[in-house]
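Take a look at the structure set out below.
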Ligand code: SF4
Ligand code: SF4
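Residue numbers (the numbering used here), protein chains in the order written: chain A, 1 to 358; chain B, 359 to 477.
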């Protein structure tokens, strides 16, 4: 039979993200996938021309709603490096707490959507019910639910009182208990395994060759986590990257499942180590020079490039998001997949297309 | 096998996880950035908030004594309230209600107070 070409996305009933792939199939088996990017390009990098470098914090938060706090923290980190600003240790750890809360809510969101992707609707609802507790923590501590606007250049804008810290710890205990109950379903349930095991296999060599990052790479046995470089407050905390070796959708799901538990642990460590002191420093002058900073987003490595020439507006702002790096590995996973399993495999890299296309 | 059954049973006998919004509203948390409002009597019409706002949704007209905000362009970041020298901007706990038509919120400063300020 001659091959059939099927457009997949940007609007698809299962996928929440407007990814656009052109799939070539033969007897319901995908033989080739070609991506088309640009459907939701918003030109956010160009906004650096008209918004000053302080206002850009709010702009980069909108690159991605789900990991907004990490975007702002990374951008602030870049400008702080250019201007030689020493951020107080308390601010560093507060950034870690909010970043890890973002990772938890992002992974819970993904686990829910993934469950929805293989048709386990009620598991999706349960995951999002737990996620709501984390959203409440963010709303109560930062003032907003999703795009929390706590980072500024030179530190953070909000502080946590000792009572709030205690409350966060109790909410985390509660959420963790419920989460571990759901974990049995994600990891051991027959129907979940049936839909995810052996789907979209990416070998370790291939993952390395194609530059897979984040949980996509770690699911294939690449033990790389940018947090290990010890940026921000991570140098003060203790953790090991979560690695699985199978390289299939199930392994990637397991990595994210375990990373949520790791983040709970990191938040606890950060709260226990929170030093007294200032939460931000005054910023004077304009940045000058060129810098690259990296950080670990829920989806992988995030990279910021900033060039400035001592003016209020930056010369260039370039953002490379993890999904951009994970698209080549996705294209390597798809051939051989049955058409009905394509959404599960696509979801397994946790695509964030609004990040990718900015 | 049957890993999901305990969760199903628990859900059968517990109350709903969602609320009947908007009939039933939750008490807002403290310091939540809901709707932006101004105590116009305290405003000096200096325009700092308008310059700092990343969404450019505040307009200040010193001559006419007008401070206005487009609540539909506002992103509730709170930068304006942080940078206001007289601290006359504040956020209500509840979020803005849904509307059928978008409107700009215009606040006019009473004239006699303007004279007071210039003394
Ligand atoms: S910064 Fe404050 S005082 Fe100045 S115009 Fe805005 S609201 Fe009025
Ligand atoms: S909250 Fe932010 S977006 Fe809204 S008016 Fe104030 S500065 Fe502008």
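Idealized CB from N, CA, C, for every residue including glycine.
Please read these numbers as outputs of a predicted model, since none were measured by experiment.
Neighbours of residue 49(A) across chain B, judged by C-beta separation under 8 Å, do not exist; the nearest C-beta is about 14 Å away. For residue 365(B), no beta strand (DSSP E) segment is defined; the enclosing uninterrupted segment is the alpha helix (DSSP H) at 363-371.
Taking the Cα positions, residue 374(B) is about 15 Å away from residue 131(A). With respect to chain A, the C-beta atom of residue 454(B) has no partner C-beta closer than 8 Å. Any Cβ of chain B closer than 8 Å to the Cβ of residue 140(A) would place that residue at the interface, and such an atom is present. For residue 250(A), the enclosing alpha helix (DSSP H) has its first and last residue at 249-273. Beta-bridge partners assigned by DSSP to residue 463(B): 427(B). Taken from the Cβ of residue 444(B), at least one heavy atom of ligand 1 lies inside 7 Å. Straight through space, the alpha carbons of residue 183(A) and residue 368(B) are spaced by roughly 16 Å.
For residue 391(B), the closest Cβ of chain A is nearer than 8 Å. Closer than 8 Å to the CB of residue 263(A) there is not a single CB belonging to chain B.
For the pair residue 424(B) and residue 75(A), the Cα-to-Cα distance works out to about 35 Å.
The residues 91, 94, 95, 150, 279, 280, in chain order, have a CB closer than 7 Å to that of residue 156(A) in the same chain once the five nearest residues on each side in sequence are set aside. Contact note: residue 436(B) reaches chain A through 143, 144, 149, 157, using a C-beta cutoff of 9 Å and chain order. If you check the C-beta of residue 457(B) against ligand 1, you find no heavy atom less than 7 Å away.
Residue 148(A) is a Cβ neighbour of residue 142(A), given a cutoff of 8 Å. Closest in C-alpha terms to residue 437(B), from the list 455(B), 453(B), 415(B), 422(B), comes 415(B).
Among the residues of the stretch 178-201 of chain A, those with a Cβ less than 8 Å away from any Cβ of chain B are 181, 182, 184, 185, 188, 189, 190, in the order of the chain. At a cut-off of 8 Å, the C-beta of residue 166(A) has no neighbouring C-beta in chain B. Contact between residue 63(A) and residue 71(A) is confirmed by a C-beta separation of about 5 Å, below the 8 Å threshold. For residue 412(B), the neighbours in chain A by C-beta distance under 7 Å run, in chain order, 51, 55, 58, 59.
For residue 134(A), no beta strand (DSSP E) encloses it; the enclosing alpha helix (DSSP H) starts and ends at 121-142. Residue pairing by DSSP places residue 448(B) opposite 395(B) in a beta bridge. The DSSP-derived three-state label of residue 88(A) is coil. In the three-state reduction of the DSSP assignment, residue 418(B) falls in the strand class.
In the DSSP annotation of this structure, residue 38(A) is not part of any beta strand (DSSP E), being labelled neither H nor E. Of the candidates 300(A), 317(A), 301(A), the residue whose Cα lies closest to the Cα of residue 308(A) is 317(A).
For residue 411(B), the shortest C-beta to heavy atom distance toward ligand 2 is below 7 Å. Rounded to whole angstroms, the separation of the alpha carbons of residue 77(A) and residue 39(A) is 30 Å. Each residue's CA atom was taken as its position, placing residue 191(A) and residue 254(A) some 15 Å apart. Per the C-alpha coordinates, the member of 355(A), 236(A), 219(A), 338(A) positioned closest to residue 273(A) is 236(A). Contact with chain B is absent for residue 269(A), since none of that chain's Cβ atoms lies less than 8 Å from the residue's Cβ. In the three-state DSSP reduction, residue 305(A) falls in the strand class (E or B).
Using a Cβ distance threshold of 8 Å, residue 329(A) and residue 140(A) do not count as a contacting pair. In the DSSP annotation of this structure, the continuous segment of the alpha helix (DSSP H) that includes residue 58(A) starts and ends at 56-61. By a beta-carbon distance limit of 8 Å, residue 439(B) contacts residue 448(B). Their separation comes to about 6 Å.
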